[in-house]
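Here the sequence shown stands for residues 234 to 389, where the numbers follow the working numbering.
Cβ atoms here follow ideal geometry from the backbone N, Cα and C, with glycine treated the same way.
Model, not experiment: these values are computed from the prediction.
Beneath this line is the structure, given in structure tokens, with notes to follow.
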Amino acid sequence: MENVPGSFGTSASFALRFGQTIFSAAALVFMCFDYDFYDFTTFCYLATVMALVTPWSVLLALTDTYSVLVKLLPQELRLLSIVVAGDFVLSFLSLGGACAVTSATGLLSYTGGNVCDGNLCNQYQVSAALAFLCWFLLLASALFNFWSLPSLYYQR
Numbered sequence: 234m235e236n237v238p239g240s241f242g243t244s245a246s247f248a249l250r251f252g253q254t255i256f257s258a259a260a261l262v263f264m265c266f267d268y269d270f271y272d273f274t275t276f277c278y279l280a281t282v283m284a285l286v287t288p289w290s291v292l293l294a295l296t297d298t299y300s301v302l303v304k305l306l307p308q309e310l311r312l313l314s315i316v317v318a319g320d321f322v323l324s325f326l327s328l329g330g331a332c333a334v335t336s337a338t339g340l341l342s343y344t345g346g347n348v349c350d351g352n353l354c355n356q357y358q359v360s361a362a363l364a365f366l367c368w369f370l371l372l373a374s375a376l377f378n379f380w381s382l383p384s385l386y387y388q389r
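As structure tokens, then:
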């Protein structure tokens, strides 16, 4: 298998997964600081997506850690296909959630009212920014793994 930097089982992949875990967990924490986020569908959607991304990234970071320590790259086509598909799906879900929260927060802060009291909208905006960073790392992981997928296919 071609050793693409950032592909599954490398130390660069571990760094990407670690960043995904940190950003998704932080986005989830900032979203859940307030009890009222359940009142809006977009905020619940982002919290749900980040709750899916966090264990996915932790599991793959642990797998990358094991691969780096044992110095054995995973060379199964099905496994890498599942990782690529999961990364692409979760990256687009997180992009959708981040965009939805950004637009909803902008609309709520523009209209004023009592919905965005104090730092509530700022917390939602920070959560959306962290979700954008998580999306960027998820997409990078998906593209690196997609790049190394054909070498496994032709190796069969």
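Out of Q308, L302, A361, F266, state which residue places its alpha-carbon closest to the alpha-carbon of A333.
For the purposes of this step, residue 333 is taken as residue 100 along the sequence shown, with counting starting at 1. Ranked by Cα distance from A333, the first of Q308, L302, A361, F266 is A361.
Specify the secondary structure class of F241 as computed by DSSP and reduced to three states.
Residue mapping note: residue 241 aligns to position 8 of the sequence shown, counting from 1. Coil.
With a Cβ-Cβ cutoff of 8 Å, do N355 and V317 count as a contact?
Start at 1 with the first residue of the sequence shown, and residue 355 comes out as number 122. Start at 1 with the first residue of the sequence shown, and residue 317 comes out as number 84. Pairing N355 with V317 gives a Cβ-Cβ distance that is not under 8 Å.
Can you tell me where the alpha helix (DSSP H) holding F270 begins and where it ends?
Your numbering for residue 270 matches position 37 in the sequence shown. Here F270 belongs to no alpha helix (DSSP H), and DSSP marks it neither H nor E.
Identify which residue in P238, I255, S246 has its Cα closest to the Cα of A364.
As a first step, residue 364 must be located in the sequence shown, where it is residue number 131. For the residues P238, I255, S246, the minimum Cα distance to A364 belongs to I255.
Comparing C-alpha positions only, which one of F241, F270, R250 sits nearest to Q358?
Stepping through the sequence shown from its first residue, residue 358 is reached at position 125. The shortest C-alpha separation from Q358 is found at F270.
Under the three-state DSSP convention, the category C354 falls into:
The sequence position of residue 354 within the sequence shown is 121, counting from 1. Helix at C354.
For the putative contact between S367 and S327, defined by C-beta atoms under 8 Å, what is the C-beta separation to the nearest angstrom?
If you number the sequence shown from 1, residue 367 lands on position 134. If you number the sequence shown from 1, residue 327 lands on position 94. Note that residue 367 is Cys in the sequence shown, not Ser. The Cβ separation is near 6 Å, so the contact holds.
Any contact of the stretch 336-345 with the stretch 300-307, i.e. 3+ C-beta pairs under 8 Å?
The stretch 336-345 vs the stretch 300-307: no contact.
As a quick exercise: from L261, C349, A245, pick the residue whose alpha carbon is nearest that of L279.
Indexing the sequence shown from 1 puts residue 279 at position 46. Measuring from the Cα of L279, the nearest candidate turns out to be L261.
Can you give the Cα-Cα distance for D272 and Q253, rounded to whole angstroms?
Stepping through the sequence shown from its first residue, residue 272 is reached at position 39. Stepping through the sequence shown from its first residue, residue 253 is reached at position 20. C-alpha of D272 to C-alpha of Q253: approximately 27 Å in a straight line.
Tell me, to the nearest whole angstrom, how far the beta carbon of G242 is from that of D320; I am working on the premise that it is less than 8 Å.
Mapped onto the sequence shown, residue 242 falls at position 9. Mapped onto the sequence shown, residue 320 falls at position 87. Contact between G242 and D320 fails: their C-beta atoms lie close to 14 Å from each other, not under 8 Å.
Over what stretch of residues does the alpha helix (DSSP H) that includes G329 continue unbroken?
Position 96 of the sequence shown, counting from 1, holds the residue named residue 329. Here the alpha helix (DSSP H) through G329 covers 310-344.
If S324 sits next to M283, beta carbons under 8 Å apart, how far is it from one beta carbon to the other, in whole angstroms?
On the sequence shown, residue 324 is found 91 positions in, with the first residue counted as 1. On the sequence shown, residue 283 is found 50 positions in, with the first residue counted as 1. About 12 Å separates the beta carbons of S324 and M283, which is beyond the 8 Å limit, so they are not a contact pair.
Inter-residue CB distance, R250 and S314 (contact presumed, cutoff 8 Å)
Counting from one through the sequence shown, the residue named residue 250 turns up at place 17. Counting from one through the sequence shown, the residue named residue 314 turns up at place 81. The distance from the Cβ of R250 to that of S314 is about 18 Å, inconsistent with a contact at the 8 Å cut-off.
So what does DSSP say about L293, is it helix, strand or coil?
By 1-based counting over the sequence shown, the position of residue 293 is 60. The three-state reading of DSSP puts L293 in helix, counting H, G and I together.
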